[in-house]
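Take the sequence shown: its position 245, counting from 1, is numbered 249 in the numbering used here, and each next residue is one higher.
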Amino acid sequence: MDMPTRTAPGASYTQRVLIAAAVAAGLFLAWQVADVFILLFGGILLAALLRAVSDPLARMTSLPERWALVLAVVGVVGLFGGTFYVIDERLTEQLAQLATQLPDAWARARDAIQQTATGQRLIEMLQQSGGNPVMPSVSRLGSFASGTLGALANTALVLFLGLFLAANPGLYKRGMLRLLPMRARGRTGDALDAAGDALRRWLVGQLLAMTCVGLLTGVGLWMLGVPLALSLGVLAGLLDFVPYIGPVVAAVPAVLVAFMQSPITALYVALLYALVQQVEGNVIVPLAQRWAVSLPPALSILSVIIFGVLFGFPGLLFATPLIVVMMVLVRKLYVEDTLERTG
5 MDMPTRTAPG ASYTQRVLIA AAVAAGLFLA WQVADVFILL FGGILLAALL RAVSDPLARM
65 TSLPERWALV LAVVGVVGLF GGTFYVIDER LTEQLAQLAT QLPDAWARAR DAIQQTATGQ
125 RLIEMLQQSG GNPVMPSVSR LGSFASGTLG ALANTALVLF LGLFLAANPG LYKRGMLRLL
185 PMRARGRTGD ALDAAGDALR RWLVGQLLAM TCVGLLTGVG LWMLGVPLAL SLGVLAGLLD
245 FVPYIGPVVA AVPAVLVAFM QSPITALYVA LLYALVQQVE GNVIVPLAQR WAVSLPPALS
305 ILSVIIFGVL FGFPGLLFAT PLIVVMMVLV RKLYVEDTLE RTG
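Structure (structure tokens):
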């Protein structure tokens with residue numbers, strides 16, 4: 005009678021060490037070619053968005069995938085283009101006003117804060133740690149976006165990558181799987197499919213949350229009588245893509261603009277942003293995560309810190325979708341395949 009085959013403890017330990025070494029080598033390689041890695045992931049994210057629209061469209065209309073993708077591209081471009089066409093003139097004007105008003109708003113807020121002993125100590129601490137707490141961040145953001153030709157070239161590269169990846173994702177997946185041993189291809193292919201599905205569902209849920217945050221913030225600022233409510237609402241919605249840090253950064257210019265009216269208005273604006281975040285965390289996100297991806301809060305914070313240190317501002321921007329993909333791959337390829345099978 006044949007005895008059942010069991011994995012030797014030494015082989016199991018060796019397999020775990022090799023997987024850990026492969027993950028470490030992958031992270032080191034990604035850090036070495038950070039710019040290329042971020043551009044590639046931007047293309048993957050765009051492809052996930054287009055497939056999230058085209059796949060349901062193909063199922064509902066029985067259209068070929070290529071035609072469904074064409075309609076998805078036209079629909080996404082039309083939606084964003086139409087939205088900005090409607091609000092473009094007013095939004096551009098408000099953004100220009102916001103850029104000119106922020107230095108004066110910060111000066112007024114600083115003068116008011118310095119009237120108290122605690123405020124004076126706070127200002128001194130901020131100046132010793134880096135000077136103006138508003139303008140350096142703006143200058144760093146400006147330095148990141150400097151070089152118009154380079155930024156346009158990177159944007160065009162991401163767009164082309166996203167279109168090509170969305171048009172035939174199976175081609176690139178099969179090419180990558182051919183680099184692996186035969187015995188690992190099936191399970192790795194399943195893991196990649198699961199990661200792609202999780203990324204699409206997270207992206208749709210995140211876009212829903214960003215839209216709600218932008219609308220709630222803009223309407224709330226308008227009801228409070230704060231000027232530039234449209235541009236501040238759009239800014240809040242866009243920055244909500246970066247968890248924890250983005251909402252705080254979005255609140256700073258709104259509070260400063262409100263401070264130009266009165267300190268009480270600034271307080272109301274700060275409470276509004278805190279309320280919107282509570283609504284997002286306790287209502288919007290749970291509803292979206294019923295069918296999207298649920299991330300532990302601690303893991304989200306750690307991802308922002310780690311990828312921000314590794315890749316800078318682009319790492320902050322893509323931290324959450326990166327950890328979504330990594331979480332699924334680690335669960336499929338390490339936890340289920342290694343720990344649960346041999347443990």
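Beta carbons: idealized from backbone N, C-alpha and C, even for Gly.
Predicted model, so just to flag it, every value in this text is computed and none were measured.
Asked: Residue nearest to leucine 239 in terms of C-alpha spacing, selected from Pro247, Arg63, Tyr248 and Val253; Found: Val253
Asked: Any alpha helix (DSSP H) of 4 or more consecutive residues that is wholly inside the stretch 269-316; Found: 289-292 and 301-315
Asked: 9 Å Cβ cutoff met for alanine 213 and valine 328; Found: no
Asked: Reduced DSSP category for asparagine 172 - H, G, I as helix; E, B as strand; rest coil; Found: coil
Asked: Coil, strand or helix - valine 246 by DSSP; Found: coil
Asked: The alpha helix (DSSP H) enclosing valine 212, as first and last residue numbers; Found: The question names valine, but residue 212 in the sequence shown is leucine. 186-227 is the extent of the alpha helix (DSSP H) around leucine 212.
Asked: Secondary structure of arginine 182, DSSP reduced to three states; Found: coil
Asked: Extent of the continuous alpha helix (DSSP H) run through arginine 63; Found: 38-65
Asked: C-alpha gap between arginine 55 and alanine 270, whole angstroms; Found: 42 Å
Asked: Distance CB(arginine 204)-CB(leucine 53) smaller than 9 Å; Found: yes
Asked: Leucine 279 versus glutamate 69: straight-line alpha-carbon distance, rounded; Found: 42 Å
Asked: Proximity below 9 Å, CB of arginine 182 to CB of arginine 191; Found: no
Asked: Rounded distance between the beta-carbons of leucine 102 and proline 257, thought under 8 Å; Found: 6 Å
Asked: Counted within 10 angstroms of its Cβ, other Cβ atoms place isoleucine 42 as buried (16 or more) or exposed; Found: buried
Asked: Identity of the residue in Arg335, Val273, Gly174 and Val77 nearest glycine 229 by Cα; Found: Val273
Asked: Contacts around methionine 331, its chain only, beta-carbon distance under 7 Å, and the 5 residues preceding and following it disregarded; Found: none
Asked: Classification of glycine 224 by the beta-carbon crowding that lies within 10 angstroms, buried from 16 upward; Found: buried
Asked: Counted within 10 angstroms of its Cβ, other Cβ atoms place isoleucine 268 as buried (16 or more) or exposed; Found: exposed
Asked: Same chain, Cβ closer than 6 Å to arginine 335, five either side skipped, listed in chain order; Found: none
Asked: Straight-line gap, valine 261 to glycine 237 (C-alpha atoms, nearest Å); Found: 13 Å
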